[in-house]
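Visitor: In full-length UniProt numbering, the protein residues as written are 1 to 596. Note that CB positions come from ideal geometry on N, CA and C, so glycine has one too.
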Ligand code: GBH
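1) How big is the Cα-Cα spacing for residue 392 and residue 269?
2) Comparing the C-beta of residue 242 with each C-beta of chain D, is any distance below 8 Å?
3) Taking 7 Å as the cut-off, is the C-beta of residue 382 nearer than that to any heavy atom in the ligand GBH?
4) Would a C-beta distance cut-off of 8 Å place residue 540 and residue 124 closer than the cut-off?
5) Rounded to whole angstroms, what is the Cα-Cα separation between residue 558 and residue 190?
6) With a threshold of 6 Å on Cβ separation, who are the neighbours of residue 477 within its own chain once the five nearest residues in sequence on each side are excluded?
7) Indicate, with yes or no, if the ligand GBH has a heavy atom lying under 7 Å from the CB of residue 547.
8) Go ahead and pull the three-state DSSP assignment for residue 87.
9) Using a Cβ-based criterion (distance less than 7 Å to any ligand heavy atom), does residue 68 qualify as near the ligand GBH?
10) Taking DSSP as the reference, what is the three-state secondary structure of residue 308?
11) Would residue 578 be called buried (16 or more neighbouring beta carbons within 10 Å of its own) or exposed?
12) Short check: CB of residue 339 to CB of residue 403, under 8 Å?
13) By alpha-carbon positions, which one of 200, 230, 122 and 485 ends up nearest to residue 280?
14) So, helix, strand or coil for residue 464, using DSSP?
15) Any heavy atom of the ligand GBH closer than 7 Å to the CB of residue 408?
16) Any heavy atom of the ligand GBH closer than 7 Å to the Cβ of residue 277?
17) Roughly how many angstroms lie between the CA atoms of residue 375 and residue 386, to the nearest whole one?
18) In chain order, what are the residue ranges of uninterrupted beta strand (DSSP E) at least 3 long that sit wholly in the region 309-350?
19) Quick check: does the Cβ of residue 495 come within less than 7 Å of any heavy atom belonging to the ligand GBH?
20) When the Cα atoms are used, what is the spatial distance from residue 591 to residue 177?
21) Is the beta carbon of residue 62 within less than 7 Å of some heavy atom of the ligand GBH?
22) Taking 7 Å as the line, does the beta carbon of residue 280 fall inside it for any heavy atom of the ligand GBH?
23) Measure the alpha-carbon distance for residue 256 versus residue 358 and round it to whole angstroms.
24) What three-state label does DSSP hand residue 155 in the structure shown?
25) Are three or more beta carbon pairs between the region 481-498 and the region 72-87 nearer than 8 Å?
26) Note down, in chain order, each residue of its chain lying with its Cβ closer than 7 Å to the Cβ of residue 27, except the 5 sequence neighbours on either side.
27) Pick helix, strand or coil for residue 588, following the three-state DSSP scheme.
28) How big is the Cα-Cα spacing for residue 150 and residue 544?
29) Please determine if the region 413-431 and the region 462-470 are in contact, where contact requires at least 3 C-beta pairs separated by less than 8 Å.
30) Skipping 5 residues on each side, what residues in its chain have a beta carbon closer than 7 Å to that of residue 551?
31) Tell me whether residue 459, by its Cβ, gets closer than 7 Å to a heavy atom of the ligand GBH.
32) Would you list, in sequence order, the uninterrupted beta strand (DSSP E) runs of no fewer than 3 residues that lie entirely inside the region 151-235?
33) Which one or two residues does DSSP pair with residue 405 in a beta bridge?
34) Just to check, is the beta-carbon of residue 126 closer than 7 Å to a non-hydrogen atom of the ligand GBH?
35) Got a sec, what are the start and stop residues for the alpha helix (DSSP H) residue 263 sits in?
36) Using CA atoms only, rank isn't needed, just tell me which of 240, 169 and 411 is closest to residue 141.
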């Protein structure tokens with residue numbers, strides 16, 4: 001691997017990493033607008049603060065992350081047949097669904113429901129959450145290696161993605177397991193810091209060869225690959241040299257990365273996603289103090305500088321794909337839940353609109369409607385962000401082929417207790433700047449119940465609120481008019497306390513997750529029957545995996561993983577999900593088996 005240039009400021013950051021109780025004595029100042037120094041970092045006075053050092057990728061690991069664990073299996077494993085008894089579904093948990101409209105005694109399905117031909121469905125993952133093999137074959141560190149290895153208190157259980165599900169070596173078996181159930185699509189992400197260990201500069205051919213084989217294996221098993229370019233694992237070097245998504249340089253670096261990936265895998269991939277959930281990774285700024293190069297951008301502004309660069313990077317990448325003749329769809333994945341007004345007061349209605357504007361609207365209004373931010377968000381960001389030029393607006397508008405939504409749940413929104421005005425005029429109000437308050441429960445007058453059963457306590461945001469899904473889909477359809485339809489690109493449920501179960505057979509029987517999938521699929525069928533264009537679904541997740549700060553304690557898999565042996569097992573919910581397509585699909589569900 002070729003070396004990269006690093007600045008003194010990075011080494012100052014390193015000193016702080018090693019001893020988090022002694023913060024940086026000096027402030028090195030990247031801002032989004034100042035000139036670029038030799039190292040690529042933007043600093044107040046480069047001549048005074050910066051020198052250049054030559055570092056190899058291994059040095060980045062040693063300096064900023066430290067030792068990482070490795071798995072016992074560290075070469076690619078071939079697929080083996082799935083034992084037939086594992087493909088037998090569990091005993092039924094439910095009565096057959098009650099058809100809406102005229103009741104037909106003993107009807108086993110609702111004849112007015114149908115997934116249209118071409119509906120695509122599958123399961124999803126993300127590189128850092130499943131791959132492991134952290135340093136294998138030249139991968140450079142990402143900010144998540146630092147967050148989970150170095151930052152005190154960042155993880156609930158001191159767990160990292162070093163080994164995860166070892167999918168870097170076990171992908172053939174993982175693809176074989178989903179193909180054996182007839183799954184149509186596998187949605188995974190590529191690790192940017194595998195392809196570009198420094199985020200920019202030299203390309204790592206071993207990483208490209210790896211993803212060649214992942215994509216080819218999908219195709220061999222009749223599974224369509226869906227690829228996300230960025231699922232939060234920002235190459236550390238880009239954070240350290242110019243503040244990552246806070247710096248304008250990220251736009252061209254992202255486009256350069258996309259160009260390599262599109263050039264290599266091009267038309268083998270029918271569905272591309274640029275970035276996963278910018279609302280989440282932009283709100284992850286500010287990053288914890290003292291572990292990364294400091295920035296002078298005020299903390300409250302940081303998410304919105306990130307968002308600004310995401311919109312530019314995404315839209316440039318979209319146009320790049322079209323100019324390269326990529327024939328798959330290109331979209332970004334956004335996230336959020338249906339926002340239910342807590343009461344019918346006009347203040348709560350405004351709070352709900354503010355919540356849409358600061359969440360889905362942040363990225364969906366520019367890309368689907370206007371090229372610019374929605375009103376309430378714009379009122380805030382116009383105080384500091386540069387206005388998009390007319391040229392930028394037309395570059396941004398119309399750059400998502402489908403509305404790809406990671407829609408897990410719903411919650412209530414209402415005005416802050418002190419009122420909206422008291423919040424928008426007070427920058428230190430805890431709800432500033434969105435000034436939309438939220439709760440998971442109905443009002444006391446309405447009984448005070450939760451919107452639905454709670455997921456695991458490590459996902460306090462998640463409730464099974466499937467009743468609201470038809471309205472949510474209708475809202476997306478009516479608000480953003482996505483011409484290519486809506487895809488639910490992630491949905492899933494953390495079965496409460498699953499980590500406490502000790503017997504595999506008990507873990508595999510996951511009743512609340514099963515009912516979540518069943519009722520969510522019914523909700524989609526209802527929306528489709530009422531004319532909402534839903535085109536695909538991806539269950540999160542293919543396997544239990546690294547749930548970011550919650551480590552492996554919070555389980556989202558439709559397959560169990562024994563983290564000692566890396567053995568996988570289907571959960572009941574996986575069969576429930578597949579059954580929706582057996583019952584209501586136009587296209588047949590066709591299992592594919594290993595031929596060797
Ligand atoms: C997805 O985001 C991610 O794409 C995926 O990587 C992850 O594994 C999956 O969720 C399951 O969590 O705790 O109140 O601050 C879903 C959207 C947005 C939900 C951030 C959790 C935090 C809410 N996520 N949100 S809170």
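Guide: Let me lay it out:
1) 28 Å
2) Absent from the structure: chain D. Only one protein chain is present.
3) no
4) yes
5) Near 21 Å, if we compare the C-alpha coordinates of residue 190 and residue 558.
6) 532
7) yes
8) helix
9) No, the beta carbon of residue 68 sits no closer than 7 Å to any heavy atom of the ligand GBH.
10) Helix, per DSSP.
11) buried
12) no
13) 230
14) coil
15) yes
16) yes
17) Cα-Cα distance, rounded: 16 Å.
18) 329-335 and 338-341
19) no
20) Separation of residue 591 and residue 177 (C-alpha to C-alpha, rounded to the nearest whole angstrom) is 10 Å.
21) no
22) yes
23) 29 Å
24) coil
25) no
26) Confidence at residue 27 is low in this model, with a pLDDT of 29, below 50, so the placement of that residue is unreliable and no value is reported for it.
27) coil
28) 24 Å
29) no
30) 155, 156, 157 and 159
31) yes
32) Correct list: 185-189 and 224-230.
33) 334 and 488
34) Of the heavy atoms belonging to the ligand GBH, at least one sits nearer than 7 Å to the Cβ of residue 126.
35) From DSSP, the alpha helix (DSSP H) with residue 263 extends over 249-265.
36) 240
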